[in-house]
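Structure first, then comments.
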Amino acid sequence: MTIKAILFDSGRVLNQPRTGHWFMPPKFFSYVDKNSFEQLETSSLQRAFQYSLTRLHEQKYVRTEEEEYALFVQFYSDVAEQMPALQLSQQSIEGLAQDVVYDYDKFLFPDDVFEVVPRLSAAYSLGVVSDTWPSLERVFHQVGLREYFSTFIMSSMLGVSKPHERMYTTALEALNVQPHEAIFIDDNLVNLEGAKALGLQTVWMLRDHEQTVEGAYTSMRDLRELEAMLKEIDQ
Numbered sequence: 002m003t004i005k006a007i008l009f010d011s012g013r014v015l016n017q018p019r020t021g022h023w024f025m026p027p028k029f030f031s032y033v034d035k036n037s038f039e040q041l042e043t044s045s046l047q048r049a050f051q052y053s054l055t056r057l058h059e060q061k062y063v064r065t066e067e068e069e070y071a072l073f074v075q076f077y078s079d080v081a082e083q084m085p086a087l088q089l090s091q092q093s094i095e096g097l098a099q100d101v102v103y104d105y106d107k108f109l110f111p112d113d114v115f116e117v118v119p120r121l122s123a124a125y126s127l128g129v130v131s132d133t134w135p136s137l138e139r140v141f142h143q144v145g146l147r148e149y150f151s152t153f154i155m156s157s158m159l160g161v162s163k164p165h166e167r168m169y170t171t172a173l174e175a176l177n178v179q180p181h182e183a184i185f186i187d188d189n190l191v192n193l194e195g196a197k198a199l200g201l202q203t204v205w206m207l208r209d210h211e212q213t214v215e216g217a218y219t220s221m222r223d224l225r226e227l228e229a230m231l232k233e234i235d236q
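For the sequence shown, this note's numbering assigns the number 2 to the initial residue and increments by one for each residue that follows.
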């Protein structure tokens, strides 16, 4: 069997938030009082963020960073409304939105990504397929990785998210490959199922997760393992 293309999810596969939380950007505590935040009950925080995230995902199309910024102004406004104890000012809300969108160093990329992606791009067509917003592409430019990906599919551009088939088929069409000629890598089993249903081969990225690496899914903990898998497949 010949593999021609590799599709990657972004978050928890190629990168992760510097703070450990997608919606707590690097300067979060420059705008949010840390003591007040840490005094809030975990359940209250979860409810507030869940409500705000539900509202966030109601906006299906977000095609520019300016639209993304406006979206996150509304998101942090909702957070402020749900957590009045934080006493977030409009200036703080706008600062948080600015940080989460325009800080292009907001994500960390593991060493294996910088090591392996350039090698893979020499032998395969690569693509990103991610549930995300426009600023992610600039993050990839910032770290020097964007050039290795021939297509960059973002849910906010298509108006659907994984596991919707358009997320995968749009990438396959852009790379001019058939499903059986591609591998899709994600950290989410639901997304892997969506790809598998279309005929793509799938790999479950675990990274630091505690899930078992055995079972119905081929799994790995870093991209170096992928290179070994590809050698076996292409033999």
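A virtual CB, placed ideally from N, CA and C, is assigned to each residue, including glycine.
The structure presented is a predicted model; accordingly, all values stated were derived computationally and were not measured.
If you count every other CB in all the chains shown that lies within 10 Å of the CB of residue i, and 16 or more means buried, which is it?
| i | result |
| --- | --- |
| residue 150 | buried |
| residue 294 | Nothing can be reported for residue 294: it is not among the residues displayed for the chain, which extend from 2 to 236. |
| residue 62 | exposed |
| residue 17 | buried |
| residue 186 | buried |
| residue 191 | exposed |
| residue 132 | buried |
| residue 115 | exposed |
| residue 79 | buried |
| residue 195 | buried |
| residue 202 | buried |
| residue 6 | buried |
| residue 45 | exposed |
| residue 112 | exposed |
| residue 10 | buried |
| residue 59 | exposed |
| residue 90 | exposed |
| residue 217 | exposed |
| residue 30 | exposed |
Which first and last residues belong to the alpha helix (DSSP H) in which residue i is found?
| i | result |
| --- | --- |
| residue 173 | 166 to 176 |
| residue 137 | 136 to 143 |
| residue 41 | Unbroken run through residue 41: none, as it is neither H nor E. |
| residue 79 | 66 to 83 |
| residue 33 | No alpha helix (DSSP H) contains residue 33, which DSSP labels as neither H nor E. |
| residue 148 | Counting along the chain, residue 148 falls outside any alpha helix (DSSP H), and DSSP gives it neither H nor E. |
| residue 95 | 91 to 103 |
Strictly by DSSP, which residues pair up with residue i?
| i | result |
| --- | --- |
| residue 221 | 206 |
| residue 16 | 12 |
| residue 53 | Partner(s): none; residue 53 has no beta bridge. |
| residue 193 | Note: residue 193 sits in no beta bridge, so no partner. |
| residue 159 | Paired residue(s): none; residue 159 is not in a bridge. |
| residue 108 | 18 |
Can you confirm whether residue i, when its beta carbon is compared against all beta carbons of chain C, has any partner nearer than 7 Å?
| i | result |
| --- | --- |
| residue 154 | Looking at the structure shown, chain C is missing, and only one protein chain is on hand. |
Could you give the residue range of the beta strand (DSSP E) that holds residue i?
| i | result |
| --- | --- |
| residue 152 | 152 to 155 |
| residue 187 | 183 to 187 |
| residue 7 | 6 to 9 |
| residue 126 | 126 to 131 |
Write down the C-beta distance between residue i and residue j rounded to the nearest angstrom, noting that I regard them as a contact closer than 8 Å.
| i | j | result |
| --- | --- | --- |
| residue 117 | residue 228 | 6 Å |
| residue 13 | residue 206 | 7 Å |
| residue 159 | residue 167 | 6 Å |
| residue 199 | residue 4 | With a Cβ gap of about 15 Å, residue 199 and residue 4 do not count as contacting. |
| residue 136 | residue 68 | Not confirmed; about 11 Å, so no contact. |
| residue 130 | residue 8 | 5 Å |
| residue 101 | residue 141 | So it is not a contact: roughly 17 Å between Cβ atoms. |
Count Cβ pairs between the segment 95 to 109 and the segment 19 to 31 that sit closer than 8 Å; are there 3 or more?
A contact exists between the segment 95 to 109 and the segment 19 to 31.
Cβ contact (3+ pairs, closer than 8 Å) linking the segment 81 to 91 and the segment 40 to 48:
Three or more pairs of CB atoms, one per stretch, sit closer than 8 Å, so the segment 81 to 91 contacts the segment 40 to 48.
Between the segment 59 to 79 and the segment 118 to 130, do three or more beta carbon pairs fall short of 8 Å?
Too few Cβ pairs lie closer than 8 Å, so no.
Determine, using beta-carbon pairs with one atom in the segment 101 to 110 and one in the segment 155 to 175, whether at least three such pairs fall under 8 Å.
Fewer than three beta-carbon pairs drawn from the segment 101 to 110 and the segment 155 to 175 are found closer than 8 Å, and the two stretches are therefore not classed as touching.
Would you call the segment 147 to 163 and the segment 42 to 52 in contact, with 3 or more CB pairs under 8 Å?
With a cut-off of 8 Å, the segment 42 to 52 and the segment 147 to 163 do not count as touching, because too few Cβ pairs lie within range.
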